[in-house]
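In the numbering used here, the protein residues as written are 66 to 468.
Everything on this sheet refers to the single structure shown next.
Right under this line is the structure:
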């Protein structure tokens, strides 16, 4: 009897172990899709990606926020195109994103959204014969457009429209900003045949005009209260009553809204770090999108020794890392970010850049923060460039706050 009970107990424990293993495998599937997407996007190996755990925050954002727009019935046609079985789940959006990203990989001059759809149709086989309604194709174009936006984080795609609004390829404006008076509404048919870089170039002019930021202008304005050398988040809060708003796009980073005195800060620095190191491995179609939203012209970029991604990473240290009071502000703001994005993790690199003190000790004996030193040297500026950048990088913001 005891042997029988032992056998039953062992078999039950074995079944529970198998069940728990199955659950763990199922839990790993979304992460494997994430890993495959990030590897394909940046052209990076899995062993190298281990050094950037903060990229999980970017994947959380896609899964819990960005992908939600694709779950509506208007986008049902995308699942048929990639042969995704119903019922669909939010993690199936990784399959769609991977399919679109793979379709951009073969190098082709002036690749368009229509070209990407054509490649997906060729992979989908007989589905092309069933795709006859323009409405279905319009939302396919929009779903492709969404993946391109999420793969670069330069703008946020608008994927939902009211019943009385025509569906079109456009991006969402930063909160508190109005569209340029010269902007017009474009249907998918107006942009689907254009090269991807031309489509995104129009957003720069349409939504932000010809204005360029301090990086392009390199000029500063003298003020009586604040100076660039001592500009940090504590002084901005104390003198300028500035508050922080964490944003999801690179184009909104360091954007100051004088109406509500909010300073926008990009919340995924690990994304910038991977671009700074592996940007040359990113396919040309994706890379061209980021270049179109860069405030510098192609000629100026060739002469500039600093990438936009490096400047963004350094801006966190300039705003938060220079003094203890600013680091305390950083802890408060990151805590607010955690509460506002309860289902998403916070970028680990954001915590390091904003909250860590780099140098400890005195003139005779100094130690340095090991976590900050562990990041690859490619993400940091050289000493000469650092001194030049520190003097001029935030001058445009300073003139806004002091006005």
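Don't be surprised by glycine CBs; every beta carbon is placed ideally from N, CA and C.
Bear in mind that the values here come from a model prediction, so they are computed numbers and not experimental data.
Residue 415 is positioned such that its CB atom lies closer than 9 Å to that of residue 335. When secondary structure is reduced to three states using DSSP, residue 329 falls in the strand class.
Per DSSP, reduced to three states, the secondary structure at residue 378 is helical. Under the criterion of beta carbons closer than 8 Å, residue 411 and residue 399 qualify as touching, at roughly 6 Å. Inter-residue distance for residue 221 and residue 132 is about 12 Å (C-alpha atoms, whole angstroms). The region 319-329 makes no contact with the region 133-152: fewer than 3 CB pairs, one atom from each, lie closer than 8 Å. Per DSSP, the continuous beta strand (DSSP E) segment holding residue 310 begins and ends at 308-312. Out of 128, 338, 116, 214, the CA that lies nearest to the CA of residue 443 is found in 338.
Between the C-alpha atoms of residue 315 and residue 145 there is a straight-line separation of about 33 Å. Residue 162 and residue 208 have their C-alpha atoms spaced approximately 9 Å apart. Here residue 226 carries a coil assignment [DSSP, helix/strand/coil]. Taking C-beta atoms as the reference points, residue 261 and residue 168 fail to come closer than 9 Å. When secondary structure is reduced to three states using DSSP, residue 162 falls in the helix class. Counting C-beta atoms within 10 angstroms of its own C-beta, residue 98 has 16 or more neighbours from the protein chains shown and is therefore classed as buried.
Boundaries of the alpha helix (DSSP H) harbouring residue 144: 141-146, taken from the DSSP string. In the displayed model, residue 439 falls within coil according to three-state DSSP, outside both helix and strand.
Taking a contact as a CB-CB distance under 8 Å, the pair residue 401 and residue 299 does not count as one, their CB atoms being some 16 Å apart. Sequence-distant Cβ neighbours of residue 111 in its own chain, meaning closer than 8 Å and more than five residues away, are 100, 104.
Here residue 139 is buried. Its C-beta has 16 or more other C-beta atoms within 10 Å. In the DSSP annotation of this structure, the continuous segment of the alpha helix (DSSP H) that includes residue 114 starts and ends at 111-114. For residue 415, the uninterrupted alpha helix (DSSP H) segment begins and ends at 413-420.
Put simply, the backbone Cα of residue 107 is about 36 Å away from that of residue 325. The shortest CA-to-CA distance from residue 413 to any of 122, 135, 113 is the one to 122. Here DSSP, grouped into helix, strand and coil, assigns residue 372 to coil.
Contact check for residue 223 and residue 237: beta-carbon distance about 5 Å, within the 8 Å limit, so the pair qualifies. Annotated three-state conformation of residue 410 is coil, per DSSP. Here residue 302 is buried. Its C-beta has 16 or more other C-beta atoms within 10 Å. When DSSP states are grouped into helix, strand and coil, residue 348 belongs to the coil group. Residue 391: member of the alpha helix (DSSP H) spanning 389-405, first to last residue. In this structure, the CA atom of residue 307 is about 12 Å from the CA atom of residue 296.
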